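Undergrad: Please read through the structure below; I'll follow up with questions.
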Amino acid sequence: MEYRFLGNTGLKVSALSLGAWVTMGEQIDVEASYKIMAAAYENGVNFFDNAEAYAEGEAEIVMGKVIKKAGWKRSDLVLSTKIFWGGNGPNDKGLSRKHIIEGTLAALERLQTKYVDLIFCHRPDLHTPIEETVRAMNYVVNAGMAFYWGTSEWSAEQIREAYEIARREHLIPPVMEQPQYNMLHRERMEKEYLSVFQDYKFGTTIWSPLASGILSGKYDNGIPKDSRLSMDKYGWLLDRYGKTDAFVKAKNLGVIAKELEISMPQLALAWCLKNPNVSTVITGASKAEQVVENMKSLDAVGKLSTEVMQRIEGVLQNKPTPVDDWREK
Ligand code: NDP
553 MEYRFLGNTG
563 LKVSALSLGA
573 WVTMGEQIDV
583 EASYKIMAAA
593 YENGVNFFDN
603 AEAYAEGEAE
613 IVMGKVIKKA
623 GWKRSDLVLS
633 TKIFWGGNGP
643 NDKGLSRKHI
653 IEGTLAALER
663 LQTKYVDLIF
673 CHRPDLHTPI
683 EETVRAMNYV
693 VNAGMAFYWG
703 TSEWSAEQIR
713 EAYEIARREH
723 LIPPVMEQPQ
733 YNMLHRERME
743 KEYLSVFQDY
753 KFGTTIWSPL
763 ASGILSGKYD
773 NGIPKDSRLS
783 MDKYGWLLDR
793 YGKTDAFVKA
803 KNLGVIAKEL
813 EISMPQLALA
823 WCLKNPNVST
833 VITGASKAEQ
843 VVENMKSLDA
853 VGKLSTEVMQ
863 RIEGVLQNKP
873 TPVDDWREK
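Counting in the working numbering, the sequence shown runs from 553 upward without gaps.
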């Protein structure tokens, strides 16, 4: 396993990590979650990602049980949670001081841990002043409930505002973002956030590197019955991707993977790992075999030569146009 610094912090995260969305507490039980987490841990994964919203808190409960059962040393792990969707009450959602602190306390209890290493604001909250959120996160970190805080799917402008407020008020600034990034979804990581990487050296923990499994090539000949896209609750994913050329691109990328003698998931994950602004690629898995296969993607990075990357661009046809940077004028 390779370990990368999380942006400008002194924290090292495994370049490949494992998350709980869809799977833990929903698609798979504690036993199966144990198997995927153990397979990841044995391959050197130290970072496990979660959120208060996943399976309405059940994903944190399952992860907490697995960690307890495995008996892993807490200091060997980097655990995260994300706050935003905590329940149905008027104060159970968003990034108010009240929900951030109550949500964090509840998440820690479900995870059976005194602190998480990373805590994310799961989305921007347009109804709460950013300064209130920055002050609440500063409190959470100073109270020892989390070590670092960051954002997820905030715009570069929102990140900049939070960072500058923190600096101005002598508070702890956000240090990482959790954006979607994969071969089909590139704009934020490759364009919008470039100034955030340059100015603040932000770390990134990227999500859905296989576009919910589409880039694994498993949908080339229809929808396997035990797959994510076959789940009723996630029919919206099929609707969304079905309207695009995602499946055709995945099939065409499969030809390149075959020539390189790697699997399609390995090609798609290696492609993400190659981006120097990626601190860790959060993988997802419903089975331990998938984890074992995905972990080998680190070995595949070396196969992505300039020529191979150009062939991939030829299939994708979605390279973001360069930023018009006013500083260079
Ligand atoms: P992926 O896009 O990598 O999708 C993972 C799914 O793809 C697996 O659950 C599995 O689904 C399938 N899969 C994985 N590996 C293979 C393989 N080798 N062969 C065949 N199928 C495979 O990642 P996720 O969408 O799961 O996201 C990863 C993590 O990112 C989440 O767990 C969560 O922690 C985080 N996340 C954060 C978000 C945010 O807003 N901040 C949003 C979404 C995710 P199956 O077997 O069921 O088909």
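Even for Gly, the Cβ is constructed at its ideal location relative to N, Cα and C. Being a predicted model, the structure only gives us computed values, none of them experimental.
Give, in chain order, every unbroken run of the alpha helix (DSSP H) that is at least 4 residues long and sits entirely within the segment 726–769.
TA: As far as the segment 726–769 is concerned, its whole alpha helix (DSSP H) runs of at least 4 residues are 746–752.
Undergrad: Alpha carbon to alpha carbon, what distance is there between Thr858 and Tyr793?
TA: The alpha-carbon atoms of Tyr793 and Thr858 are separated by roughly 28 Å.
Undergrad: Say the cut is 7 Å; is the CB of Ile775 nearer than that to a heavy atom of the ligand NDP?
TA: Not so, every heavy atom of the ligand NDP lies at least 7 Å from the Cβ.
Undergrad: Helix, strand or coil: which one does DSSP assign to Val830?
TA: It is coil, neither helix nor strand.
Undergrad: Between Pro681 and the rest of its own chain, which residues show a CB-CB distance below 8 Å, the 5 nearest in sequence each way excluded?
TA: None.
Undergrad: Starting from the N-terminal side, write out each stretch of the beta strand (DSSP E) that is 3 residues or longer and does not extend beyond the segment 606–662.
TA: Counting only runs of 3 or more, we get 630–635.
Undergrad: Under the criterion of a Cβ to heavy atom distance below 7 Å, does Gln730 qualify as lining the ligand NDP?
TA: True, at least one ligand heavy atom lies under 7 Å from that Cβ.
Undergrad: Would Val727 be called buried (16 or more neighbouring beta carbons within 10 Å of its own) or exposed?
TA: Classification for Val727: buried.
Undergrad: Which value, in whole angstroms, describes the spacing of the CA atoms of Cys824 and Thr757?
TA: Each residue's Cα considered, the two are about 11 Å apart.
Undergrad: Express the C-alpha separation of Glu721 and Lys587 in angstroms, rounding to a whole number.
TA: If you take the alpha carbons of Lys587 and Glu721, they lie about 45 Å apart.
Undergrad: Within the present structure, is the beta-carbon of Thr633 separated from the nearest heavy atom of the ligand NDP by less than 7 Å?
TA: Thr633: no, Cβ never under 7 Å from the ligand NDP.
Undergrad: What ranges does the alpha helix (DSSP H) occupy inside the segment 781–838, keeping only unbroken runs of at least 4 residues that lie completely in it?
TA: Segments of the alpha helix (DSSP H) lying fully in the segment 781–838: 787–794, 798–812 and 816–825.
Undergrad: With respect to 7 Å, is the separation between the Cβ of Thr575 and the closest non-hydrogen atom of the ligand NDP below this value?
TA: Yes; taking the cut-off as 7 Å, the Cβ of Thr575 has a heavy atom of the ligand NDP nearer than that.
Undergrad: If you measure from the CB of Ser838, is any heavy atom of the ligand NDP nearer than 7 Å?
TA: It does: the Cβ of Ser838 is within 7 Å (strictly closer) of some heavy atom of the ligand NDP.
Undergrad: Pick helix, strand or coil for Thr873, following the three-state DSSP scheme.
TA: In the structure shown, Thr873 sits in coil (DSSP, three-state: anything other than H, G, I, E or B).
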